[in-house]
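Colleague: First residue of the sequence shown: 51, per our numbering; consecutive thereafter.
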Amino acid sequence: MKKTILISGGHGLLGSEFASFLSKDENNTIIILDLPSAKVNKFVKNIYFYPIDITDEIDIQYTFRHIYKNHGIDILINCAAYNEQPNENTDNSFETYSLEKWNKTMAVNLTGAFLLSRECIKYMLKKERDFNEYKGTIINIASDLGIIAPDHRIYNSSYKKPVDYCVSKAGLIYLTKYIASYYGNRIKSVCLSPGSVYTNQSDEFKENLENKIPLNRLAKRDEYNGAIKFLCSSDSDYMQGQNLVMDGGRTIW
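(1) Locate the beta strand (DSSP E) running through K238, then write down its first and last residues.
(2) Write down the C-beta distance between G196 and S231 rounded to the nearest angstrom, noting that I regard them as a contact closer than 8 Å.
(3) Report the residue from N139, I189 and R267 whose alpha carbon sits nearest the alpha carbon of L222.
(4) Considering Cα atoms alone, identify which of S208, I237 and A69 is closest to T140.
(5) Quick one: give me the first and last residue of the beta strand (DSSP E) that G65 is part of.
(6) Output the distance between the C-alpha atoms of K219 and Y173, rounded to the nearest integer angstrom.
(7) For the beta strand (DSSP E) containing D84, list its first residue and its last residue.
(8) Might you give, ordered along the chain, the residues of its own chain that have their beta carbon closer than 7 Å to the beta carbon of F280, omitting 5 neighbours on each side?
(9) Look at the alpha carbon of N314 and the alpha carbon of G245, and state the distance between them as a whole number of angstroms.
(10) Residue range of the beta strand (DSSP E) that N128 falls in?
(11) Which value, in whole angstroms, describes the spacing of the CA atoms of E257 and K52?
(12) For I302, is the classification buried or exposed, using 16 other Cβ atoms within 10 angstroms of its Cβ as the cut-off for buried?
(13) Closer than 6 Å by C-beta to A157: which residues in its own chain qualify, once you throw out the five before and the five after it? Chain order, please.
(14) Where does K53 sit, in a helix, a strand or coil, going by DSSP?
(15) For a quick check, are the C-beta atoms of P212 and E145 less than 8 Å apart?
(16) Compute the Euclidean distance between the alpha carbons of E76 and I97, then round it to the nearest angstrom.
(17) Find the nearest neighbour of G162 within the set N128, V247 and G65, judged by alpha-carbon distance.
(18) Below 7 Å CB to CB, which residues in the same chain sit around L166 once its five sequence neighbours on both sides are set aside?
(19) Distance, Cα to Cα, H121 vs T54?
(20) Using DSSP bridges, identify the partner residues of M296.
(21) By DSSP's criteria, Y100 is part of a beta bridge. Which residues make up the other side?
(22) Anyone know if the C-beta pair for I117 and Y184 falls short of 8 Å?
(23) Which one or two residues does DSSP pair with G186 in a beta bridge?
(24) Looking at the unbroken alpha helix (DSSP H) that takes in A277, where does it start and where does it end?
(25) Use the C-beta contact count for L160: other C-beta atoms within 10 angstroms, 16 or more gives buried, fewer gives exposed.
(26) Cα separation between R115 and G234?
(27) What separation, rounded to the nearest whole angstrom, lies between the Cα atoms of Q290 and V217?
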């Protein structure tokens with residue numbers, strides 16, 4: 051069955067991986083939603099790029115009218131996130147944390163997901179369906195830090211993980227449940243909470259974090275592909291409102 055899959059933050063670490071992986075199925079039309087970038091700026095195979103500011107309600111409404119008219123809308127993956135990288139020169143002390151930084155993170159990580167979900171669902175509900183078929187699917191990408199508090203000791207410096215990132219990811223998990231409870235069998239709403247992925251972290255940080263994970267390692271970039279395929283498919287239709295945790299076991303300790 052042909053599906054149009056929208057991926058916010060589709061130029062990011064996991065977003066670009068999901069876009070590439072899901073595009074291998076020629077039945078999928080992939081729509082990348084992200085800020086203007088040189089990474090993808092034209093039609094490539096079955097991947098399209100729509101530049102968008104997901105914190106701008108008017109921009110979202112305008113863009114989605116075009117997407118729905120040209121491609122339809124079946125699945126939204128809320129993958130966009132602002133996640134500050136550790137820097138020992140950054141002061142994230144809670145008692146002096148700035149409202150400006152809090153608002154910036156919340157606008158992208160949580161408000162953006164709300165606006166995108168709300169707009170997508172408007173169009174999804176227009177679809178005809180069989181009795182047991184969902185009209186659309188919302189997949190939120192949260193984090194293990196939406197479930198547990200960060201252990202600031204792994205940074206081994208004055209750096210603290212910002213409060214806004216963790217709170218926004220916890221909010222995504224709740225947003226997943228709310229949408230599921232509100233729309234019942236009309237819209238599937240599920241969540242994926244990944245752990246950290248190997249990128250360009252320092253050796254010291256990686257070792258400290260690995261010691262917090264039962265598998266004793268971070269994830270490889272492509273290890274979440276099977277999960278996202280499952281959540282996009284009808285195989286996960288009885289998961290309504292649930293959060294799939296893939297963190298190497300970190301949250302069991």
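Every residue, glycine too, gets a C-beta built ideally from N, C-alpha and C.
Small disclaimer: the values here were computed from a predicted structure and weren't measured.
Modeller: By the coordinates alone:
(1) Here the question's residue 238 lines up with position 188 in the sequence shown. Here the beta strand (DSSP E) through K238 covers I237 to P244.
(2) Along the sequence shown, one-based indexing puts residue 196 at 146. Along the sequence shown, one-based indexing puts residue 231 at 181. With 8 Å as the limit, G196 and S231 do not qualify as a contact, their Cβ atoms being about 18 Å apart.
(3) Position 172 of the sequence shown, counted from the first residue, corresponds to residue 222. Among N139, I189 and R267, the Cα nearest to that of L222 is on I189.
(4) Within the sequence shown, the letter at position 90 stands for residue 140. Closest option to T140, Cα to Cα, is S208.
(5) If you number the sequence shown from 1, residue 65 lands on position 15. That residue, G65, is in no beta strand (DSSP E); its alpha helix (DSSP H) goes L63 to L72.
(6) The residue labelled residue 219 in the question sits at position 169 within the sequence shown. The residue labelled residue 173 in the question sits at position 123 within the sequence shown. In a straight line, the C-alpha of K219 is about 25 Å away from that of Y173.
(7) In the sequence shown, the residue the question calls residue 84 occupies position 34. Unbroken beta strand (DSSP E) run through D84: N78 to D84.
(8) Here residue 280 corresponds to residue number 230 of the sequence shown, with the count starting at 1. The residues are S286.
(9) In the structure displayed, the chain extends from 51 to 303; residue 314 sits before or after that span and is not available.
(10) Residue 128 sits at position 78 when you count from the first residue of the sequence shown. Looking at the DSSP string, the run of the beta strand (DSSP E) that includes N128 is I125 to N128.
(11) The residue labelled residue 257 in the question sits at position 207 within the sequence shown. The residue labelled residue 52 in the question sits at position 2 within the sequence shown. Roughly 43 Å between the two C-alpha positions.
(12) Here residue 302 corresponds to residue number 252 of the sequence shown, with the count starting at 1. Exposed, because fewer than 16 other Cβ atoms sit within 10 Å of the Cβ of I302.
(13) Translated into positions along the sequence shown, residue 157 becomes position 107. Only T105 meet the Cβ criterion.
(14) Within the sequence shown, the letter at position 3 stands for residue 53. Correct three-state label for K53: strand.
(15) As a position in the sequence shown, residue 212 is number 162, starting the count at 1. As a position in the sequence shown, residue 145 is number 95, starting the count at 1. No, they are not a contact pair.
(16) Position 26 of the sequence shown, counting from 1, holds the residue named residue 76. Position 47 of the sequence shown, counting from 1, holds the residue named residue 97. Rounded to the nearest angstrom, the two C-alpha atoms are 10 Å apart.
(17) Start at 1 with the first residue of the sequence shown, and residue 162 comes out as number 112. If we check each option's Cα against that of G162, N128 comes out closest.
(18) Taking the first residue of the sequence shown as 1, we reach residue 166 at position 116. S58, I104, I110, L126 and N128.
(19) Position 71 of the sequence shown, counting from 1, holds the residue named residue 121. Position 4 of the sequence shown, counting from 1, holds the residue named residue 54. Taking the straight line from one Cα to the other gives about 7 Å.
(20) The residue given as residue 296 occupies position 246 in the sequence shown. According to DSSP, which records beta bridges pairwise, M296 is partnered with P244.
(21) Within the sequence shown, residue 100 is the residue found at index 50, counting from 1. According to DSSP, Y100 bridges with L83.
(22) Taking the sequence shown and counting its residues from 1, one reaches residue 117 at position 67. Taking the sequence shown and counting its residues from 1, one reaches residue 184 at position 134. The answer is no: Cβ separation not under 8 Å.
(23) Your numbering for residue 186 matches position 136 in the sequence shown. Paired residues: I237.
(24) Translated into positions along the sequence shown, residue 277 becomes position 227. First-last of the alpha helix (DSSP H) with A277: N275 to C282.
(25) Start at 1 with the first residue of the sequence shown, and residue 160 comes out as number 110. Under this definition L160 is a buried residue.
(26) By 1-based counting over the sequence shown, the position of residue 115 is 65. By 1-based counting over the sequence shown, the position of residue 234 is 184. About 25 Å.
(27) Residue numbering aside, residue 290 sits at position 240 when the sequence shown is read from its first letter. Residue numbering aside, residue 217 sits at position 167 when the sequence shown is read from its first letter. Q290 and V217: Cα-Cα distance of roughly 22 Å.
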